[in-house]
Structure formats: structure tokens, C-alpha cells
Amino acid sequence: MTIDEKAGKTLAELGVTDSNAIARLFEQVHSAIDEEVRAFLDGDIDDGELARNAKAFRDRWLARGHGLIARIDQNWLKQTPKESRGAVGAEFNRLRQYAAAQVETEPLLEAWRQKTSALSEVRRGPDLTLPGYERELGSIHPVTRVQRELEDIFIGLGFRIETGPEIESVYNNFDALNIPESHPSRDDWDTLYIDSNTLLRTHTSPVQIRAMRKYGAPLYIVTPGKCYRNENPDATHSAMFHQIEGLAVDTDITFADLKGTLDFFARKFFGEKTRTRFQPSFFPFTEPSGEMAASCPFCEGRGCRTCKESGWIELMGCGMVHPDVLRHGGIDPDRYSGWAFGLGIERFAMLKYDIGEIQNFFQSDVRFLRQF
Amino acid sequence: MLGLGVASSVAVGSDHVVDLEVTTNRPDCLGHLGVAREVAAAFGRSFGRPVYTVQETGKSVHDAIKIEIADLEGCARYCGRVIENVEVRPSPERLARRLEAVGVRPINNVADATNYVLMELGHPLHAFDLARLRGARIEVRRARAGEKLQTLDGVERELAKADLVIADADRAVALAGVMGGADSEITSATRQVMLESAWFEPVGVRRTAKRHGLHTEASHRFERGMDIAMAREAIDRTAALIAELSGGQVLQGVVDVYPQRRIRSTIVLRSSEVRRILGTEVEGPEIVRSLTALGFSVEPEANVSWHVVPPSFRLDVEREIDLVEEVARLHGYHELPMRVRAAPPSPERDLRRERELAISATLTALGYREVIVPSMVDPAENARFTDESPVRLLNPLSQDASAMRSTPVPGMLRALRWNLDRGQTDVRFFEMGKVYTTSERTSEGLPAERRVLTLGVTGLRRPASVHDAPRALDFFDLKGDLGTLLAAFDVGPWDFLAEDLRYHEPGLGARYSARGAALAHFGQLHHQVAREYKLRQPVYLAEVDLDALLALDLRRRTFRSIPRFPAVERDLSLLVPLAVMYRQIEEAVGAVPLAELQGFRAVDRFEGGGLPADHYSLLLRITLQSPERTLTGEEAEVTVRRIIAALGPLGIQLRSA
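Those sequence lines, one after another, are chains A and B. If you're matching positions, the first sequence starts at 1414 in the working numbering and goes up one per residue. If you're matching positions, the second sequence starts at 4 in the working numbering and goes up one per residue.
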């Protein structure tokens, strides 16, 4: 039964007799007013029709004679026997006041104005949702970034950084490292020559020779720098690349120091959980020689695309410095021993940042550089 | 696990083809026998050798062929066998398959037999058509002047006198240890085979192979050092195989020319040295077991050392350290202990690195991104930016990369162009690299290398945003960035000089120098150069002498007490003749001896408007401060008047006056 229908009946006809039922019935009328006011304010009304609509709405409730309030007065209050009219009268007075406050034209239009002005009010102050005035910082090249990270690990172990020329003597690059012209091992390095005695260094190992001659033993160094190979560029090869090598020479350096220090280094760089594996290999300048692999940092050794499902990633060559190399460095191999390693920085950067193509490093594309 | 890396393993029929990476020191593993020996040693098992018997006829080989080594240095042993009545035809299916599996193309039963034994025992052999060897004679000698040989690949080769050849009575018939000659090749008509199994000296083979641009299965092995003992076993094995495959008869005996028997010298291995290098004790019995399994003969000496003789196939083992490696290899690297070893502490500081980091930090804070560009350039392009001729490469990959740059400019321009071509128009780059010079040499006689810091900027000073009208970078942005960078160092007073380099836009090049040496050249790129590089917007470049900068201390940080009395600022609106440059005003004001003058700077400058012709207006803001008291207005006025008086000789007046 709608409010309109209820208003047309007497309380007796509605079966409303006790005071609780009366209160509930009037409560329904209050709710109906609230609901209709809300519907009116939410309605989409032209300014021109606003006054007329407000008047019609007001009349529905408050018109003399046929308005809902008037009918409630007629049918509910007036038809109630005098002796029980008190409770109904109190409720009715409350309703009439409420309706006047809510449905009368003036308060209704005021409510309308408040609603619409909340939408169109001219905001004061700046729009704080605009982006901030950000200053774009520059960036360090990923190869430099990784190089410094590698350096830092060894600096933390007390190693010093040594550098040397990129244009080197054939002697320092090969002969002093136990790679004579007459041995096929020299073919392992595709070399760019300047003349018969001069070349672009193929590794930073000549810096080890230079440092041994300059400082003698004990010696703890890392040697970062550019190196060159006569190689056609592909996804993982570039004629120019960066290497870092390490060298420790002292009176009691053993293979255990090589393994332990490089294992420490791998865990520091790739994460504490990294495991390392050492296998025999051959380099003319170390004996025994080895390769160190680490558990793949991407899959933690379970096998993935990067490690070709092997769970391991070859990281570097290493070994105990060959006695001849120590001798070429002016160090007595019977008194001193040493370990050394060498690794490609681009490869480490590619692993660290998941970069697939080495050429990315040398194109200087801002969209690449910005990511580091 | 042994140092033989497994590159791949592929199933072929019921077999597996395992591709091993054999390092250059292990030619003994360039055959199945050697690999079997390694595997057997590693697993403590035994391994079998091929089983065969040579059925010889009654006829002596010595009647069929004479062999002489004229050059014992190049060839220490030469074995020859002769097989008669061979029928040259395709090899049986099984043998052909096996060869194909290891990547050898089957040719005919004779050639296949030599290749089979090459793969099996690892020793290269060569088969000659005996009928084509003139005088039934083999001589191993150096090539004669002007001697020629057509090798199996069909190439007619002019031989060098250092080339070791196999010759018959008249002429060279093979390049020793490298490749046979076409003329004595086995053909379907061959009936008599002269089989060669020799030991050629590695360096000579390597030189000959390189000289002729050849790299063969044989040269690959001989230049690494073959097993001189195997020469004999290999020829017997091959002869038996040829007889079996071709129905031929092996003549009796071997012509084995081996006048100076090679004896491996004894190496003393001390357990103390094993411990010193490996950092752990390896038990004596294990050492003996390992080395024996690898073919070494081992005599213990009071159990603290061993007398070890390496086998003939391990020419890579010459000294004690080589034996230590063998022990470590078989012990297993993974079994060896680990110890983290730090360097002894040193108070030395790496100042160069600290300075380099300061440069990086300053430039990145200024919005510069680091690039790394190739050192190798096209010399013609390089020459357009400098007179310094570059270091040229003897064997470059391409003309584009045939010299080491002597200027960093082209590399930076290419980096900028790469980005402009891709719609990235606001770029600030720095590069720290080297240039290489021919004009200067180091004390060792190497081309000098100088470190250089290069800046390249183009585009907007700041990206377009709602907060700021976009404005293009200009000369003064670069000048200011350089100033900020130099201020990070203890440069001392530095000079500015307008000076165009050849690639600068005329009138827009400059130089900073300190202590009489140029620190930086910078300016706007010449529009013509920009056009050639397809850079369609102004580009600014700076070259900083990085060696000079890194030699300077970082700015000394010392505290000076903050003045207790307030500073007074005065703005002087000056009318300046157009001919007067700001530098002159700076010098004139700076020369006035005023204790209270804290500093001054130009805050506005304009020309035109209602100004007298040939003049501009400059607003100079001066800061006055006394350490002793608050300056009165009157005192400030006196100072201002002295400054104006000092500017008088430049024709500068106060505008308001």
C-alpha cells in the first residue's frame, strides 16, 4: 500500500491501534518524505522548470485540502476517537513540522542551490594533482655500474685498482703471459694488431705483469678496462668490451684462497644463496687452471632459459698464477704464489639486468640508458 | 669434471656423439683413446685399446721404399709402410657411418682408414700412391728456393725455404704435417700405398700452416704436439685396417727412421709443493694412483716426493706445477678447501677513483647520462675533427673501425644522432674514455693514451611541463655545467677564453684553462657539421682533459665562520657601452680593494628600448658585509660610489644618475 493509499484510510481501517503501530506508521511517512526529497534533488531539472516542479512537489504534500498532510489530518487524526487522539496528535504535529521544513518551496530550492553550487564552485588554490616538478637525474652506464660494483667487492677485501694502456706490447699481452707466438694457444685470442710488436690488448692481464713489475709482492689488485678482439659482432660478442681481472700474490696463497675468495665474490654479487662450482680448464698463464660457474641467479639452479636448463652459469676463468708468469713479473715463484681470475663485465651486466644483446651497451640509446 | 667441456651430446643411431671442447694443451685428447684414458683415470677404471693384427707378406718394405730424414729438427721420426694390391673403393657402411658421426666425410677405403685411425688413436697419417713417388724414395727436408707444390685442395703453392716438405727423388709431394700433394693422391687407380706416420715438430708445422693459410686436422694436432711413440702404433693399426678394407697385402716390416730417441726427463714432485699450491694435503697413494692412471711412471722417494716421468703423449707436462695440476684435477676441484682471503690492510687511498666518482656524481646530478662509445673509428671521419692522426690497425674488421680514435667528437655525435633519429630530442651525455695518439709515445714507445671527458647536449634545458615554458639549451647551460664540474675540484683560478675549434660554430667556441693549461674546450657544433650528421637542432659539445682534472684534488672542504652581521645588497643599474664585456666589469670591480665587498653578480641585461645607442643596461647586484658590524646606509653608499668610480674608465655610468 502506498503512502497515498494509506493516507486515504482511517487508522482503524489500517488496523493501527496501539501506540507502537502509530509510531511505526508515522515513521513510514517521514521516510517517504526523505526519499522523495532525495529523488527531487537528484533529478535532472532545467532551471526554467525548477520553480514549477518545486511548487508541484510542495503541493503534493502541503496543499490545503488535498495534500498528503491535509489528508492525514482528515483521515488519521480527525477520525481517531478523541480519547485516544493524544498520541496520534503528537505524532502528527511532528510530521507537519518536518514536512514544512523539508518540502516547503523555499527550503527545497535552497537545498537545490547548495547541491548544484557544490559542483560548479570555482576552486581556490593550485591543482595539487598536477605532476610535481621532477628533475631528471642522469645515469651511470650499466657497464660502469657493474664494474664499480665488482670493484667495490674487491676494494672491500683490500684490493687496489690498477689500470694500464689499451695499446699494448705483444710481449706484455702474450709472451709474458706464457703465450708464445709458436703455441696454438695464441690463436685462442683473435687479436687486432697495430704492428708486429704492438696490439690492442685482448685482456687486462698485461696490467698484472705491469703491476708485478712495479710493486712486486705481496700484491692484491683488480684490473678493470677496455679490451679488444678481432671478432665480428653478434648478440654476445663485441670487438670492444670490458674486462676485470683480479690477482693476489703473497707468500702463502693457495688454491683454497682462489676458491674461497671467488665464491665469496659470487655470493656478494649474485646473492648469499649462490653456490659455485670449479672445474679444470686451461689457460697458459695459470696452473692449475679452472672455470668457475655459479648457480643460476634467475632460477636458483632449477634450470631456465638463461642457464640453458643447466642450472649453472659459467662466470669466469681462474687459476693459480703460472710460475713463469710470476717470473716475468719479477717475482720469485718459489717464494710466492698467487691466484688470478678474469671476467667480462658486459656478461655480468647482461646477467644482472637480463639484457639479451651486447650491442645495446654501445648504441647510447637514451631509452636504454634511462633504465639504469 | 676433467677439463674436457661437453659442448653437446647427440644420439646417433644406438651411439652418442659427444662434442668435447679440448683445450690447446691437450692434443692427446684429440682422439678416442686419449679421452678413454682420461675417463678411465677419473673413474678408477681400465680402458681398452684397439685390437688388430698386421698380416705381412714375405716381401720386405725396405725393397719398396727408401726413407731419409734430412731435417731432424723438423721431423724426429718417420715411419713408412707399404701395402700392395689394394683395391680403392668406398668403405663399408659401418665405417663410413662412424666417420660421418664425428664429422668426417668418407672418401675411399684408404683415406677413410687414415681418418679412422686419426679419430681413434689421435695420430694423423698420410697415404701416398707409391707409384707416383718418383724413385721410390721419401726425403723429409726443407723446401728448395722456388719450389712449388699443388696441395690436395688444388692450390698451387709457392713454398718457403722454412717449410718442411715430404719429397720424393725429385720434388716436394706433401707439406709435412699439414697437407698432402695432389699429384701423389690416392685415386681409384692406386694399387700400392705408401703410408706415412711421423712426428713433426710443432712450431714448424704451425708456421707453415699459418704461412699458407691452412688449418687441417693434421696441422691442428701436430702444432699442439703429437705422441712420438704413437707414430709406430698408428701405422700398424692403419696398415691392418687398409689391408682389411682393400684386400691389399702389407709388406713386411716398417721403415722406422727414428735416429734420436726422445726421452722424457724426470720431474720431481714434492708433497710440500702440492700442499703449498693446493692448500691441502693429498695422500701419497692417491697421487701415485692418479698419475699412474694417466700414464705417468711414478717412483716414490721417501714418501715426501716422487720421481715422475710423463708419458710421450703429454708434452704439456714439463714441470712440477703441471703435475700439481694433474693431482688437483683427479682429486676434484670441488674437494679442495675454501678460504676467503683479504689483502693486508693498507692506509693508501685511491684518490683517482674518488675523483672519478665525484665527476660521475656531479654530472648525473646535472642530468647527464653516461655513454660508452667504440674506440675504433673510420680514420677519414676522425680526421675531420683533429689534425692528430690516429693509430691505425693492421688487420681491422672494417674500414669503419680501422683506427683508434684521436678525438672523441665523432663518437659523441653518432651517439646524439642515434637518439635524434629515434625521436629522442632532449639528450645530455657524458663519456669518459681515451684518445690515442701517434704524435706522442710513452717511455715504452707505445702510442700515448689520454683520458678525455666528453659532454654532448642538445634539446630542451628542461622537458616541457605545465610549470615552465620550454626553453632550448644554450651555450650558457654548457658553460654553467662545466663551471659546476670544475668547482668540484681544487682548480684554483681558471681562465675563460673565446676560442673556436674547427668544428665550433664561429664565435661560439670557448676554452677554460687553469695554471696555463687548457682544461676544457666547449661550444656549439658548427651548423655545417651538424647538417652532415643530420643533427637538426643545435648541439653543444665539451672536451675536458680528464687526466688534468683527475690530477687535481677535490675541492677542499674547510669551515669558515658564518658572519654574525647581516649582509647588505645594492642593485646598480649600469649603462654600459656595447664594446665592454662582462669580463672587463668583473675585473674592474674585482680590482677595487674593498674588504666589505662579498660578491657581485649580473642579474639582468638588456639592449634597445630607450637606451642610448651602442649601450646596454646591466643590473649588478652587489653584496656588502662586514665581519665587525652592521654596515650603515652611508657606508654602503661610499662603497657603491667607489665601485662606480672604478667602472668609470670603461665608460660605464649609473643609469639612474
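C-beta atoms are modelled at their ideal positions from N, C-alpha and C, and glycine is treated no differently. Owing to the predicted nature of the structure, the values given are computational and were not obtained by experimental measurement.
According to the DSSP assignment, A/M1733 belongs to the beta strand (DSSP E) that extends over W1725 to V1734. If you keep only unbroken alpha helix (DSSP H) runs of at least 4 residues inside the stretch 534-570 of chain B, you get 549-553.
Contact between B/R140 and B/K69 holds, with the beta-carbon distance rounding to 5 Å and staying under 8 Å. Pairing B/G526 with B/A513 gives a Cβ-Cβ distance under 7 Å. Among the CB atoms of chain B, one or more fall inside 7 Å of the CB of A/F1691. If the five residues before and after A/N1585 are omitted, its C-beta is found closer than 6 Å to the C-beta atoms of P1619 and I1622, all from its own chain and listed in chain order.
For A/F1572, the nearest CB of chain B lies under 7 Å from its own CB, placing it at the interface with that chain. When the alpha-carbon of A/E1564 is set against those of A/A1452, A/R1780, A/F1761 and A/N1433, the nearest one is in A/F1761.
The Cβ atoms of B/D132 and B/I86 do not sit closer than 7 Å to each other. Within chain A, the residues Q1776, S1777 and D1778 have their CB atoms less than 7 Å from the CB of B/W421, given in chain order.
In the DSSP secondary-structure assignment, A/T1699 is bridged to A/F1696 and A/V1734. Short of 8 Å from the beta carbon of A/S1530, and not among the five residues preceding or following it, lies no beta carbon of its own chain. Pairing B/L485 with B/A523 gives a Cβ-Cβ distance under 7 Å. Neighbourhood of B/Q527 in chain A, by CB distance below 8 Å: empty, with the nearest CB roughly 20 Å away. The alpha-carbon separation between A/L1424 and A/T1542 amounts to approximately 58 Å. Judged by DSSP secondary structure, B/L489 falls within the alpha helix (DSSP H) whose first and last residues are F478 to L489. With contact defined as three or more Cβ pairs closer than 8 Å, the stretch 347-360 of chain B and the stretch 1678-1694 of chain A are not in contact. The three-state reading of DSSP puts A/M1414 in coil, since its state is none of H, G, I, E or B. With distances taken between CA atoms, A/M1625 lies nearest to A/G1743 out of A/E1704, A/D1600 and A/G1743. Along the stretch 258-286 of chain B, going in chain order, the ones with a CB nearer than 7 Å to a CB of chain A are R279, I280, L281, G282 and T283. B/A134 and B/A67 have their C-alpha atoms spaced approximately 10 Å apart.
In the three-state scheme derived from DSSP, where H, G and I count as helix and E and B as strand, A/E1685 is classed as coil.
Residue environment analysis places B/A130 among the buried positions, since at least 16 neighbouring C-beta atoms fall within 10 angstroms of its C-beta. The closest CA to that of B/L397, considering only A/L1605, A/G1551 and A/D1747, is found on A/L1605. With respect to B/A116, B/I245 sits close: the two C-beta atoms are nearer than 7 Å. Counting only residues of its own chain and dropping the five nearest sequence neighbours on each side, A/C1717 has a CB closer than 8 Å to the CB of C1709 and F1711.
For the stretch 377-410 of chain B, the full-length alpha helix (DSSP H) segments reaching 4 residues or more read 382-386 along the chain.
For B/V107, none of the residues of chain A pass the 8 Å Cβ criterion, the least Cβ distance being about 21 Å.
The beta carbons of A/L1475 and A/I1485 sit no closer together than 7 Å. Restricting attention to B/D259, B/G335 and B/L254, the CA atom closest to the CA of B/S293 is found in B/G335. In this structure, A/L1590 lies near A/F1698, with their beta-carbon atoms less than 7 Å apart. Here B/P411 is buried. Its C-beta has 16 or more other C-beta atoms within 10 Å. Residues of the same chain with a CB within less than 8 Å of the CB of B/R645, apart from the 5 flanking positions on each side, are V595 and L597 in chain order. For the stretch 364-388 of chain B, the set of positions with a beta-carbon nearer than 8 Å to some beta-carbon of chain A reads L366, T367, A368, L369, G370, Y371, R372, E373, V374, I375, V376, P377, S378 and M379 in chain order. Around B/V176, the same chain offers F131, L136, I169, A170, G184, D186 and S187 as residues with beta carbons nearer than 7 Å, after the five sequence neighbours per side are excluded. For A/Y1606, a Cβ of chain B is located within less than 7 Å of the residue's own Cβ.
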